[in-house]
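One structure is given here, and the rest of the page talks about it.
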């Protein structure tokens, strides 16, 4: 009987241990689920959505940041839509804020930030010079295709605080504070909690909110500029003080947005870089979006772009031929326009030919993935020849 009781006790401990391990596993999956989620755009008419709607309740900062916490960009104008190129104290001469495209064919990704000073501050653990990732402008939003294209890129992100690259750390991973922690909305709470644990100084670039001017799936959803500025000072400003360059929230409304100017006016710690989303089906539309954001007088990162137009009654999709052509033209434009210091194609269900891998499974490159890779490699080859790194055959 005594032996039987001992066996029952051991069995009970074993069952309890298995239960606790399972509970920990479930919690871990909830925290990490955001890494695997497919970022999707809500197929609505962005320019018909009101950007002045009330924002969801945001976590209130526990402390007030003073002006000493601002980055070098804090000398910028207070968010006026007519801010000049000198608005960012550390911005290079390339970010002129002019409404005309600067498409000098001999400009390079490094020239866009080469005249800026190091952004490291007292006590900083990192030091960066310029506004372009060290390995180049080209990147990708989403990690499914990294196995196939990472060697040709300079950076990537996946809408989380801890971007997941299963193929190693061969390119720069840029963390993001996606939203303000709404429960039950696109893993917002898990991502928010994970970002709060991100150590300042661990990354040279840190991104702000994803499309806070839009309420659809895939967007952080109707955060007012004032609430965003308050959260920015609490959660983003510490990274700036540790030496990181901050990348502004991105807008779903593209050139129809009215959110950015009030945010820049309200925030003390100015972003160093303006994030831009471009979803257009013609190059005039692409250039129009660039010119709109140039008014803020800061370098631009195109953090999502694709050949699709979300601004009509329903999305206008591009066929494969047009996708190939537009990707090539956009890559050439972003590489040559000195106002653009980084860009990342969107791997996020942007139409029937929008994915970089078939069904976003990451098992191989789709025709679109191959087209983007070829465009980036072509641009890199041209740059290397201009720089004299590759001899020209005669």
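In mature numbering (1 follows the signal peptide of the UniProt record, and there is no 0), the protein residues as written are -28 to -1, 1 to 366.
Where a beta carbon is used, it is the ideal one built from N, C-alpha and C, also for glycine.
Bear in mind the structure is a predicted one, so any value in this text is a computation, not a measurement.
- In the displayed model, residue 314 falls within a strand according to three-state DSSP.
- A direct Cα-Cα distance of roughly 12 angstroms separates residue 152 from residue 183.
- Sequence-distant partners of residue 164 (beyond 5 residues in either direction) whose C-beta falls short of 7 angstroms from its own C-beta, in its chain, are 151, 152, 153.
- Annotation for residue 264: 227 place their beta carbon closer than 6 angstroms to its own, counting only its chain and skipping 5 residues before and after.
- Residue 273 is positioned such that its CB atom lies closer than 8 angstroms to that of residue 247.
- Here residue 214 carries a coil assignment [DSSP, helix/strand/coil].
- With respect to the 8 angstroms criterion, residue 340 and residue 352 are not classified as neighbours on the basis of their beta carbons.
- Residue 335 is classed as exposed because its beta carbon has fewer than 16 other beta carbons within 10 Å across all chains shown.
- If you draw a 10 Å sphere on the C-beta of residue 179, you find 16 or more other C-beta atoms in it, and that means buried.
- Sequence-distant partners of residue 161 (beyond 5 residues in either direction) whose C-beta falls short of 6 angstroms from its own C-beta, in its chain, are 153, 155.
- By the CB criterion at 8 angstroms, residue 214 and residue 241 fall outside the cutoff.
- Annotation: the region 269 to 341 contains the following complete segments of the alpha helix (DSSP H) (minimum length 4 residues), in chain order: 292 to 308.
- Per DSSP, the unbroken alpha helix (DSSP H) holding residue 206 starts and ends at 197 to 207.
- Just so you know, the alpha carbons of residue 271 and residue 285 end up roughly 32 angstroms apart.
- DSSP, read as helix, strand or coil, puts residue 177 in strand.
- Residue ranges of uninterrupted beta strand (DSSP E) with 3 or more members, entirely inside the region 116 to 176 and ordered along the chain, are 127 to 129.
- In this structure, the beta-carbon distance from residue 338 to residue 303 does not fall below 8 angstroms.
- In this structure, the CA atom of residue 301 is about 10 angstroms from the CA atom of residue 258.
- Residues of the same chain with a CB within less than 6 angstroms of the CB of residue 220, apart from the 5 flanking positions on each side, are 180, 243, 246, 247 in chain order.
- For residue 316, same chain residues with a beta-carbon under 6 angstroms away, outside a window of 5 residues either side, are 111, 112, 113, 275 in chain order.
- The C-alpha of residue 291 lies about 44 angstroms from the C-alpha of residue 210.
- Spanning the alpha carbons of residue 279 and residue 144 requires a straight line of approximately 25 angstroms.
- About 7 angstroms separates the CB atoms of residue 123 and residue 142; that is less than 8 angstroms, so the two are in contact.
- Between residue 224 and the set 266, 268, 194, the nearest pair of CA atoms involves 194.
- Closest in C-alpha terms to residue 349, from the list 125, 119, 305, 206, comes 125.
- With a 10 Å radius around the Cβ and a threshold of 16 neighbouring Cβ atoms, residue 255 comes out exposed.
- In the DSSP assignment, residue 113 falls within the unbroken beta strand (DSSP E) covering 110 to 113.
- Distance from the CA of residue 331 to the CA of residue 318, rounded to the nearest whole angstrom, comes to 14 angstroms.
- Residue 216 counts as buried, since at least 16 other C-beta atoms from the protein chains shown sit within 10 angstroms of its C-beta.
- Here DSSP, grouped into helix, strand and coil, assigns residue 247 to strand.
- In this chain, the alpha helix (DSSP H) harbouring residue 234 covers 232 to 238.
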